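Chemist: Okay, here's the structure, questions in a sec.
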Amino acid sequence: VYSKEEAEKLAAEKGWAIKPDGDKFRRVVPSPLPKRIFEIRPVKWLLEKGSIVICAGGGGIPTYYDEQGNLQGVEAVIDKDLCSALLADNLEADLFVIATDVSAVFVDWGTPDQKAIAQAHPDEISKMGFAAGSMGPKVQAAVNFVKQTGKDAVIGSLSDIVDIVKGKAGTRITTKVSDIEYY
3 VYSKEEAEKL
13 AAEKGWAIKP
23 DGDKFRRVVP
33 SPLPKRIFEI
43 RPVKWLLEKG
53 SIVICAGGGG
63 IPTYYDEQGN
73 LQGVEAVIDK
83 DLCSALLADN
93 LEADLFVIAT
103 DVSAVFVDWG
113 TPDQKAIAQA
123 HPDEISKMGF
133 AAGSMGPKVQ
143 AAVNFVKQTG
153 KDAVIGSLSD
163 IVDIVKGKAG
173 TRITTKVSDI
183 EYY
């Protein structure tokens, strides 16, 4: 983050887009949707060899191929959840899990009326309008995966990962239900 003076100077010198962030200022860059994972072959190879592969954290590095076929970086941010959904699709995952710090997706979060969603049809949960800075991208990524593959996605706590895989915890987004079911 920058002071107003620093931000104005950087915007003028580098052509950056700057926006207020509280009493400071921050550089903003485009956030395009992920379209392709260029290095999917080595990820698949490592998985086939029994390795644990950590990738797509932070959304990966946005790149493109130029006219000469060289990989070039792009000043942008790719959402980590949407990138992870694309990765799971590319890997033909049986189940897409977004492990987070809450046990499920909640409606009316932080109020006395909050309720945890057990299962939801992708069309129904998409209508609910979750916050862009928290659960919104996770729900959208899970919905994208389910619609693209026909397989299930689950959002839940990392500490519940075994029960999530067993279908006993988290919020399961699936075409096997027609509405929204709560715990």
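Per the numbering used here, the very first residue in the sequence shown carries number 3; after that it's consecutive.
We put the CB at the ideal spot given by N, CA and C, even for glycine.
Keep in mind that this is a model prediction, so the values were computed, not measured.
1. Rounded to whole angstroms, what's the CA-CA distance from Gly131 to Lys170? Just pull it up for me.
2. Rounded to the nearest angstrom, what separates Ile56 and Asp125 at their Cα positions?
3. Per DSSP, what are the beta-bridge partners of Pro139 in this structure?
4. What does DSSP give as the partner residues of Gln74 in its beta bridges?
5. Which term fits Ser161, buried or exposed, when burial requires 16 or more other beta carbons within 10 angstroms of its beta carbon?
6. According to DSSP, is Ser159 part of a helix, a strand, or is it coil?
7. Given a threshold of 16 other Cβ atoms within 10 Å of its Cβ, counted over all protein chains shown, does Asp96 qualify as buried or as exposed?
8. Just reading off the alpha helix (DSSP H) that Ile127 is part of, what are its end residues?
9. Can you give the Cα-Cα distance for Thr102 and Ile163, rounded to whole angstroms?
10. Run through DSSP, which three-state label would Ala13 get?
11. Buried or exposed: which applies to Ile63, given that a residue is buried once 16 or more other Cβ atoms fall within 10 Å of its Cβ?
12. If you drop the 5 nearest sequence neighbours on each side, which residues of the same chain put their C-beta closer than 7 Å to that of Ser180?
13. Going by beta-carbon coordinates alone, are Ala144 and Ile100 separated by less than 8 Å?
14. Quick check on Pro139: buried or exposed, where buried means 16 or more other Cβ atoms within 10 Å of its Cβ?
15. Within 10 angstroms of its Cβ, does Gln121 collect 16 or more other Cβ (buried), or is it exposed?
16. If you reduce the DSSP assignment to three classes, tell me which class Phe147 lands in.
Modeler: With the given structure in hand:
1. Distance between the alpha carbons of Gly131 and Lys170: 25 Å.
2. Taking the straight line from one Cα to the other gives about 30 Å.
3. Beta-bridge pairing links Pro139 to no other residue.
4. Bridge partners of Gln74: Tyr66.
5. It is exposed - the Cβ of Ser161 has fewer than 16 other Cβ atoms within 10 Å.
6. For Ser159, the three-state secondary structure derived from DSSP is strand.
7. Residue burial annotation: Asp96 is exposed, with fewer than 16 other C-beta atoms found within 10 angstroms of its C-beta.
8. 124-128 is the span of the alpha helix (DSSP H), which, as asked, contains Ile127.
9. Here the alpha carbons of Ile163 and Thr102 stand approximately 10 Å from one another.
10. Helix.
11. Classification for Ile63: exposed.
12. Excluding residues within five positions, the ones whose Cβ falls inside 7 Å are His123.
13. Note that the C-beta distance between Ala144 and Ile100 is below 8 Å.
14. Buried: at least 16 other Cβ atoms inside 10 Å.
15. Classification for Gln121: buried.
16. The three-state secondary structure of Phe147, taken from DSSP, is helix.
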